[in-house]
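Structure follows, in structure tokens:
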């Protein structure tokens, strides 16, 4: 014997390769009990899957809201008569706007790119035998610029048509699909209620708006035609203003408010008798709501992660009991308590990380599928995925610790004798 | 082969072991003195409750004496802590059990590799050493079989391979033939004898059967927590 006089080994076990070795042992143990391992991590799989899918879809919905609102035009201010909900205007019906108000906004407010009036009426559109309930929007050619509408076929309104209030119209794609399946509507005559008008063009499809309404379910006519033939007055019920993106929309909003207060004779302490909506504010508010909802539902899903962790602890405790003899063998062979503890801890962490990984892959496929089905964009967020993965690992550490400590505390003599 | 008069590999001096306390206390060992020379093949005999298992646990560094000294290679190790005893086991001792105690659903090769994993050997070294150990017990062709695919005798030989793969000084065998028929028992005894003779491994074996004890050079009889008598080589052979 070459080392016959070597003293007993030093006080500490070498930690080199200890972790690598235990990972190997853990993988072997998992492979040996494959079915049970899969059942053990099912809770984690479902938890990670639910959280990541929900958060991913939520982010997609937020993104889609933003896109749709910005699709209405980069930065649109809508001016309506009357107070915003909640603050009563004192009984008097606030007056509608006048054409002069539009001219004033266009000429006197800096940062305004287009100003369009709006007068709305609903009507049943009829063509041949088909009819369709839609909204008739009376406006001007500027409306197309303000809201960034593209002409798909035909042409825009001419000045002459606007001045005369001629009975011509531009048709949204929803109306076209319902009344002119497989036909080109340009040049044909469309009946709107009792009014006949000539279709001069069709609008390119825009898709659903941020509130779920169909932007394409509309017919545009010169405002004077709508006032004369539908509403029967000269009221302008809304002003659509598009702001230059280079300007702060809040400043533009304030300038318009100041101008309108002047023009409508609202002095000093009196409240505005009109309201200005900023599309960007609406987008922010909607995104905020979506984010909160995503957070709440995500938190509920996170509870299933916790339940998954308890499942891991449960099975690990069973596993420690079942493998008492094995632990005895390992201890007899010369494993120190720390190594046995590390083995079971690593086993729990490897299991939960594996579950997390499976959950992430499932979530990826599910969100891709659901995003397509729900018509929201798929937004892959590395942070969400990384956090969920690390969290599943953390669950392994937290819930694996107690069983691992129990395993390490076993007495080898008793453990070897355990039946 | 040990030289006459050289320092014993293992010395137990006045070792006592007491389990429990108060009225429930049980004095398992009452002052055991025992010298074991390097290269010996010692059979430990005695009725149950005589203290032989407790002594084997202490010799195997699985347990510590209540009082008395335990010297291994001249070093006092009776007061070592849990982890230090584990490291001693890892470095110097090998264990063979009555019930084989192989890991189920684990190949013979992986079972034999197990002690080397804790030593931190790399994969290639582990494999080579494990195959060499399996070769020594004549089971190199069975390396990929799991315990359930092996006979009892084969399982015990795998267990012996696992015990010797680290080249221990001492092999502790607790009734290694207790679960085997006489033919397999003889095979195991021949294997242990060969390891003792050819590799100089000190073998300590608990047994109930005189037939197995006959393979030993020294036989120690326990009774009532004390060494009753030690029969040396010539008589046993």
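Protein chains in written order, with the working numbering: chain X, 2 to 420; chain E, 40 to 276.
For every residue, glycine included, the Cβ atom is placed at its ideal position computed from N, Cα and C.
Original post:
Going along the region 348 to 382 of chain X in order, which residues come within less than 9 Å of chain A, judged by CB to CB distance?
Top reply: Although the question refers to chain A, the structure presented lacks it and instead comprises the protein chains X and E.
Subject >> CA-to-CA distance, residue 313(X) to residue 387(X), given in whole angstroms >> reply: Along the first chain, read from residue 1 onward, the residue named residue 387(X) stands at position 386. Along the first chain, read from residue 1 onward, the residue named residue 313(X) stands at position 312. Spanning the two alpha carbons is a distance of roughly 21 Å.
Original post:
Taking Cβ-Cβ distances shorter than 8 Å, what residues in chain X pair up with residue 102(E)?
Top reply: As a first step, residue 102(E) must be located in the second chain, where it is residue number 63. Neighbours of residue 102(E) on chain X, chain order: 414.
Original post:
Can you find a CB in chain E that lies within less than 9 Å of the CB of residue 329(X)?
Top reply: Taking the first chain and counting its residues from 1, the one referred to as residue 329(X) is at position 328. Look at residue 329(X): its C-beta is under 9 Å from a C-beta on chain E.
Original post:
If you follow the beta strand (DSSP E) that residue 170(X) is part of, which residue opens it and which one closes it?
Top reply: For the purposes of this step, residue 170(X) is identified with residue 169 of the first chain, where counting begins at 1. From DSSP, the beta strand (DSSP E) with residue 170(X) extends over 169 to 172.
**OP:** Decide yes or no for the touch test of the region 72 to 90 of chain E against the region 253 to 269 of chain E: beta carbon pairs closer than 8 Å, at least 3 of them.
**Re:** With a cut-off of 8 Å, the region 253 to 269 of chain E and the region 72 to 90 of chain E count as touching, because enough Cβ pairs lie within range.
**OP:** Please list, in chain order, all residues of the same chain as residue 128(E) whose beta carbon is under 6 Å from its beta carbon, the five residues on each side excluded.
**Re:** The residue you call residue 128(E) lines up with position 89 of the second chain. Taken in chain order, the residues that qualify are 100.
**OP:** Determine which residues of the region 246 to 270 of chain E have a Cβ less than 8 Å from any Cβ of chain X, and write them out in chain order.
**Re:** Nothing from the region 246 to 270 of chain E brings a Cβ to less than 8 Å from some Cβ of chain X.
Original post:
Does the region 371 to 391 of chain X come close enough to the region 273 to 288 of chain X to have 3 or more Cβ pairs within less than 8 Å?
Top reply: Verdict: no, contact absent.
Subject >> For residue 363(X) and residue 127(X), the rounded distance between their alpha carbons >> reply: On the first chain, position 126 is the one that residue 127(X) refers to. On the first chain, position 362 is the one that residue 363(X) refers to. Approximately 49 Å between the Cα atoms of the pair.
Original post:
Around the Cβ of residue 264(E), are there at least 16 other Cβ atoms within 10 angstroms (buried) or fewer (exposed)?
Top reply: As a working note, residue 264(E) is residue 225 in the second chain. Looking at its Cβ environment, which holds 16 or more other Cβ atoms inside 10 Å, residue 264(E) is buried.
Subject >> Residues that residue 334(X) contacts on chain E, provided the C-beta gap is smaller than 8 Å >> reply: The residue given as residue 334(X) occupies position 333 in the first chain. Those are 128, 129, 134, 153, 154, 157 and 201, listed as they occur along chain E.
**OP:** Step through the CB atoms of chain X and report whether any lies within less than 9 Å of the CB of residue 180(E).
**Re:** Stepping through the second chain from its first residue, residue 180(E) is reached at position 141. For residue 180(E), no Cβ of chain X is located within less than 9 Å of the residue's own Cβ.
Subject >> Nearest-angstrom Cα separation, counted from residue 258(X) out to residue 132(X) >> reply: What you label residue 132(X) is simply residue 131 of the first chain in a count that begins at 1. What you label residue 258(X) is simply residue 257 of the first chain in a count that begins at 1. Annotation: residue 132(X) to residue 258(X) spans about 41 Å, alpha carbon to alpha carbon.
Original post:
So, does the CB of residue 25(X) fall closer than 9 Å to a CB anywhere in chain E?
Top reply: As a working note, residue 25(X) is residue 24 in the first chain. Yes, because at least one Cβ of chain E sits closer than 9 Å to the Cβ of residue 25(X).
Original post:
Does DSSP classify residue 195(X) as helix, strand or coil?
Top reply: Indexing the first chain from 1 puts residue 195(X) at position 194. In this structure, residue 195(X) counts as coil in the three-state DSSP scheme.
**OP:** Would you identify the three-state DSSP class for residue 116(E), choosing helix, strand or coil?
**Re:** As a first step, residue 116(E) must be located in the second chain, where it is residue number 77. Coil.
Subject >> Other residues of its chain near residue 110(X): CB distance less than 7 Å, five sequence neighbours each side excluded >> reply: Residue numbering aside, residue 110(X) sits at position 109 when the first chain is read from its first letter. Closer than 7 Å at Cβ, skipping near neighbours: 253, 256, 257 and 260.
Original post:
Quick one, which of 140(E), 183(E) and 222(E) has its alpha-carbon nearest residue 251(E)'s?
Top reply: Position 212 of the second chain holds residue 251(E). The option with the nearest alpha carbon to residue 251(E) is 222(E).
Original post:
For residue 278(E), which of helix, strand or coil comes out of DSSP?
Top reply: Here chain E covers residues 40 to 276 and nothing more, so residue 278(E) does not appear.
**OP:** Would you mind reading off the limits of the beta strand (DSSP E) that contains residue 139(E)?
**Re:** As a position in the second chain, residue 139(E) is number 100, starting the count at 1. First-last for residue 139(E): undefined, no H or E at that position.
Subject >> Own chain residues within Cβ distance below 7 Å of residue 90(X), not counting five before or after >> reply: As a working mapping, residue 90(X) is identified with position 89 in the first chain. At residue 90(X), the pLDDT of 49 sits below 50, so the modelled position is not reliable and the matter cannot be decided from this model.
**OP:** Quick one: residues in its chain with C-beta nearer than 6 Å to the C-beta of residue 232(E), no 5 flanking neighbours on either side, listed in chain order?
**Re:** As a first step, residue 232(E) is located in the second chain; it is residue number 193 there, counting from the start. Excluding sequence neighbours, residue 232(E) sits near 254.
Subject >> Residue range of the unbroken alpha helix (DSSP H) whose run includes residue 357(X) >> reply: Start at 1 with the first residue of the first chain, and residue 357(X) comes out as number 356. For residue 357(X), the uninterrupted alpha helix (DSSP H) run begins and ends at 338 to 375, by DSSP.
**OP:** Determine, using beta carbons only, whether residue 149(E) comes closer than 9 Å to chain X.
**Re:** As a position in the second chain, residue 149(E) is number 110, starting the count at 1. Output row for residue 149(E): interface = yes.
**OP:** Per DSSP, which residues does residue 57(E) bridge with? Please list them.
**Re:** Within the second chain, numbered from 1, the residue matching residue 57(E) stands at position 18. In DSSP, residue 57(E) forms a bridge with 66(E).
Subject >> Residue environment, residue 56(E), which counts as buried when at least 16 other CB atoms sit within 10 Å >> reply: For this step, residue 56(E) is matched to residue 17 along the second chain. Burial call: buried.
**OP:** Measure the CB-CB distance between residue 357(X) and residue 20(X) and report whether it falls below 9 Å.
**Re:** Translated into the one-based positions of the first chain, residue 357(X) becomes position 356. Translated into the one-based positions of the first chain, residue 20(X) becomes position 19. Against a cut-off of 9 Å, the Cβ pair of residue 20(X) and residue 357(X) comes out as no contact.
**OP:** Tell me whether the beta-carbon of residue 228(E) lies closer than 9 Å to the beta-carbon of residue 81(E).
**Re:** Position 189 of the second chain, counted from the first residue, corresponds to residue 228(E). Position 42 of the second chain, counted from the first residue, corresponds to residue 81(E). Contact flag unset, no.
Subject >> Inter-residue Cα distance where the pair is residue 406(X) and residue 324(X) >> reply: Stepping through the first chain from its first residue, residue 406(X) is reached at position 405. Stepping through the first chain from its first residue, residue 324(X) is reached at position 323. Computed Cα separation, rounded: 14 Å.
**OP:** Starting from residue 151(E), trace the beta strand (DSSP E) both ways and give me its first and last residue.
**Re:** Taking the first residue of the second chain as position 1, residue 151(E) is located at position 112. Note, residue 151(E): premise wrong, no beta strand (DSSP E); alpha helix (DSSP H) at 147 to 158.
Original post:
What does residue 22(X) reach in chain E if we use C-beta pairs closer than 9 Å?
Top reply: For this step, residue 22(X) is matched to residue 21 along the first chain. Within 9 Å Cβ-Cβ: 156, 157 and 159.
Original post:
residue 94(E) CB to nearest chain X CB: under 9 Å?
Top reply: The residue labelled residue 94(E) in the question sits at position 55 within the second chain. Not flagged as an interface residue toward chain X: residue 94(E), since no C-beta distance is shorter than 9 Å.
Original post:
Is the closest heavy atom of the ligand SAH to the C-beta of residue 70(E) under 8 Å?
Top reply: In terms of ligand content, the structure shown is empty, and the ligand SAH therefore cannot be addressed.
Subject >> C-alpha distance - residue 117(X) paired with residue 125(X), whole-angstrom precision >> reply: In the first chain, the residue the question calls residue 117(X) occupies position 116. In the first chain, the residue the question calls residue 125(X) occupies position 124. About 24 Å.
**OP:** Determine the closest residue to residue 205(E) out of 185(E), 54(E) and 152(E), with distance taken between C-alpha atoms.
**Re:** As a working note, residue 205(E) is residue 166 in the second chain. Nearest of 185(E), 54(E) and 152(E) to residue 205(E), Cα basis: 152(E).
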